[in-house]
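Residue numbers (mature numbering (1 follows the signal peptide of the UniProt record, and there is no 0)): -28 to -1, 1 to 142. All C-beta atoms in this analysis are idealised placements derived from N, C-alpha and C, irrespective of residue type, glycine included. All of these numbers come straight from a predicted model, not from anything done at the bench.
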């Protein structure tokens, strides 16, 4: 079936559903059958895309996807620094920012031995504890982890400020 025929069939189906709306095709609670159909389709789409995609980033991107199981192995004690974006895959700001983060990861891919660009989806249940541990209060939040970062009570960001002051003096 050609794409123009598929478009016509799709339009006819939407027209029939619209006719149900006009003819007071409600479910008794004042919600039209057409509105219920649209809501169900949106919900099904959100669930299926969430199942297929583990977040806003996939293996085709230069962004390394983190989770509770691999965070320590990817970030802690490594000879490279890590930029970690804590995001929520349902957040509109995060969705709009994702292309920028992907582009950054792609642009600095040549520096891969010095810094990794990563992301962690705080909307996933298994990542909630990590997001609380790093006191993520808004999305997206970006944290810098210096090389050889270790778990514990540290002043995250203090090394960055020290490096900035040193660079300003040079």
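Distance between residue j and residue i (C-alpha atoms, nearest Å)
i           : j           : result
residue 120 : residue 31  : 25 Å
residue 35  : residue 123 : 22 Å
residue -1  : residue 112 : Residue placement at residue -1 is poorly supported in this model, since its pLDDT is 48, which falls under 50; the coordinates still yield a value, given next. Cα-Cα distance, rounded: 42 Å.
residue 18  : residue 115 : Below a pLDDT of 50, predicted positions are generally treated as unreliable, and residue 18, at 48, falls in that range; no measurement from the model is reported.
residue 39  : residue 98  : 8 Å
residue 27  : residue 61  : 6 Å
residue 83  : residue 77  : 10 Å
residue 177 : residue 41  : No information on residue 177 is available, as it lies outside the stretch -28 to 142 that the chain covers here.
residue 96  : residue 50  : 25 Å
Bridge partner(s) assigned by DSSP for residue i
i           : result
residue 59  : 93
residue 87  : 53
residue 38  : 92
residue 114 : 57
Cβ shell of residue i (< 7 Å), same chain only, five flanking positions each side left out
i           : result
residue 143 : Lying outside -28 to 142, the shown extent of the chain, residue 143 is not represented and no answer is given.
residue 108 : 58, 94
residue 67  : 28
residue 85  : 52
residue 37  : 26, 27, 29, 91
Contacting residues, own chain, Cβ-Cβ under 8 Å from residue i (five flanking each side not counted)
i          : result
residue 80 : 87, 89
residue 43 : 92, 102
Cβ shell of residue i (< 6 Å), same chain only, five flanking positions each side left out
i          : result
residue 33 : 74
Residue i Cβ short of 8 Å to the ligand COA heavy atom set
i          : result
residue 78 : This structure simply doesn't include the ligand COA, nor any ligand for that matter.
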